[in-house]
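In structure tokens, the structure reads:
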């Protein structure tokens, strides 16, 4: 019999005395699992029957939330098999009986403050809207120092970074009522700092805004106006690399090894030559972005001053860190310690485009951009995964995390780095299913500007077209779906809980979201044939049920409901 309990992924301190524990047991062999626990020095044990949580592949997962007497937690598992026999599972594996209760038990030695992850208080119900400032809205009318292309320019025969459309802070401020009508309550701005490019990921001055966007005074006015309207703001910080105009890199160009900033960069040969790119860069020889050494304490000190400046002077609510998985991990931990000491509720998000378990242990980021889960769901939509495989991969990944921490993952279906969702899926109905996933799966949903009106765009830079403001060009069906989903996300206790379950019925992928007062089921049918499914649940007996698609409400008296899903559709079943 296979039994798994990973002390990194399967036990978490929720408070000093409260613990969340998971156990994975081979499917079809077990009648019950009991958690036996105590203070690691006081062997007066308590027992709690664990709840069957869900099936994941060939395993059954059991969970328990337990209140211990102290922050010291020793525990083991008593497994009752179907034949009536019992096995003990402890840190040495399966046993008929224990040799030594103290040494055999799993140990969570002490729940220190650093072990307890607390998400920012405003994370619940948060819906983030990503804005690429140059492409969002041109507010100012005066002549700019750079040539501005026509707003609907999209031929991209000029390198995308050299195309400026002139979006600015004034334009964003003008659209606060649009944000409110849509329902979003946070915006994430890609870099706003002084730079030679329109994307501004090659920063020349971290303490100043790009003059094409406006002034620092105008940025402060924007932040204040957003806050007055209940909208938070997240800034994009680029600490993996700088621009070639950054003062430290310019000093290295001028003084070579004699520069006090020489150790800030990885210089391959001298003299530094921007045309040759004889230095370590972002990605593969991106000469305009020399990679900076974030293991260097002076570099860390400088960037921490940058963060504290924008936090204290402008009262921003969060930071997103570009290329976060290449930053020094001790630097990330230092960022967390020092910023949370200033503003406990600051939201820290990392850009990690792959699996992110080692960045989400509670000591670095609050969350990452959840590209991984989206990629699984996208492949399901496109027929590359069936529902069973998709549910298994999604669940297996999610169950590598503290459930509270996973709720701070930034869910997305597109960004400034990817094809737009409508272009990638090539199908409006599937793009609408993606929107439902984005706003109902566990985490903080992030909407890339324009996706809510049906904008298209291929890979970078085509995904960064100017926002379409002519309402007659908006897809109202998509917009209205987003608006309804956002309202549901903000008001549903179930959609903001940490209790999630993925499962499949035939080739229908399903999510269960549950709180104490509400259960929400989300059922997806991306295929071209009608699907009729029977949803069995103990939670739907004698409860009021609302169907999101029709807003029909019924009183259900049985332990199942039948749901008919037309081709390329979904249903949200709300149980109260």
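Residue numbers (UniProt numbering): 1 to 576.
Just so you know, even glycine gets a beta-carbon here, dropped at the ideal spot from N, CA and C.
Cβ neighbours of residue i in the same chain (closer than 6 Å, five flanking residues each side left out)
i           : result
residue 197 : 161
residue 73  : 19, 108
residue 316 : 233, 235, 310
residue 5   : 23
residue 353 : 371
residue 47  : 34, 36
With 16 other Cβ atoms within 10 Å as the buried cut-off, status of residue i
i           : result
residue 559 : exposed
residue 209 : buried
residue 557 : exposed
residue 643 : Any property of residue 643 remains undetermined from this structure, which presents the chain solely from 1 to 576.
residue 79  : buried
residue 531 : buried
residue 550 : exposed
residue 292 : buried
residue 65  : exposed
residue 459 : exposed
residue 258 : exposed
residue 301 : exposed
residue 185 : buried
residue 215 : exposed
residue 230 : exposed
residue 489 : buried
residue 121 : exposed
residue 442 : buried
residue 90  : buried
residue 594 : As displayed, the chain neither begins before 1 nor continues past 576, which places residue 594 out of reach and without an answer.
residue 318 : buried
residue 117 : buried
Residue i and residue j closer than 8 Å at C-beta
i           : j           : result
residue 464 : residue 103 : no
residue 149 : residue 306 : no
residue 410 : residue 370 : yes
residue 395 : residue 50  : no
residue 332 : residue 365 : yes
residue 444 : residue 14  : no
residue 41  : residue 128 : no
residue 351 : residue 304 : no
residue 401 : residue 439 : no
residue 324 : residue 509 : no
residue 69  : residue 105 : no
residue 577 : residue 575 : Examination of residue 577 is not possible in this model, given that the chain is present from 1 through 576 alone.
residue 526 : residue 568 : yes
residue 194 : residue 172 : no
residue 322 : residue 403 : no
residue 336 : residue 57  : no
residue 243 : residue 299 : no
residue 279 : residue 290 : yes
residue 239 : residue 327 : yes
residue 578 : residue 165 : Given that the chain is displayed from residue 1 to residue 576, the structure contains no residue 578 and the question cannot be resolved.
residue 11  : residue 21  : yes
Same chain only: Cβ atoms within 8 Å of residue i, ignoring 5 sequence neighbours per side
i           : result
residue 156 : Low per-residue confidence applies at residue 156: pLDDT is 49, beneath 50, and the placement is therefore not dependable, though the value from the model is reported in the following sentence. 163, 461, 462.
residue 425 : 378, 381, 382, 431, 434
residue 29  : 1, 81, 82
residue 123 : 347, 366, 407, 408, 444
residue 119 : 366, 404, 405, 407, 408
Other residues of its chain near residue i: CB distance less than 7 Å, five sequence neighbours each side excluded
i           : result
residue 494 : 513, 514, 515, 518, 519, 520
residue 44  : 38
residue 86  : 78, 79, 80
residue 140 : 168, 170
residue 314 : 219, 220, 223
residue 496 : 124, 125
Whole-angstrom C-beta distance between residue j and residue i, which should lie under 8 Å
i           : j           : result
residue 355 : residue 397 : 7 Å
residue 607 : residue 456 : A question about residue 607 goes unanswered here, because the residues of the chain that appear run from 1 up to 576.
residue 225 : residue 176 : 6 Å
residue 451 : residue 414 : 6 Å
residue 486 : residue 454 : The Cβ separation is near 16 Å, so there is no contact.
residue 320 : residue 284 : 23 Å between Cβ atoms; not a contact.
residue 241 : residue 281 : 7 Å
residue 482 : residue 447 : 7 Å
For this session: Starting from the N-terminal side, write out each stretch of the beta strand (DSSP E) that is 3 residues or longer and does not extend beyond the region 476-558.
Result: The DSSP assignment places complete beta strand (DSSP E) segments of no fewer than 3 residues inside the region 476-558 at 499-505, 508-514, 519-525, 531-536, 543-547, 552-556, in order along the chain.
Exercise. Which full runs of the alpha helix (DSSP H) of 4+ residues lie inside the region 210-281, going along the chain?
Worked result: If only uninterrupted alpha helix (DSSP H) runs of at least 4 residues are considered, those enclosed by the region 210-281 are 216-228, 247-255.
Problem set entry | Ranges of the beta strand (DSSP E) found wholly within the region 284-326, counting only runs of at least 3 | Whole beta strand (DSSP E) segments, 3+ residues: 286-290, 318-321.
Problem set entry | Start-end ranges of the alpha helix (DSSP H) lying completely within the region 389-435, minimum 4 residues | Whole alpha helix (DSSP H) segments, 4+ residues: 403-406, 421-425.
Problem set entry | Start-end ranges of the beta strand (DSSP E) lying completely within the region 108-184, minimum 3 residues | List check, beta strand (DSSP E) in window: 128-131.
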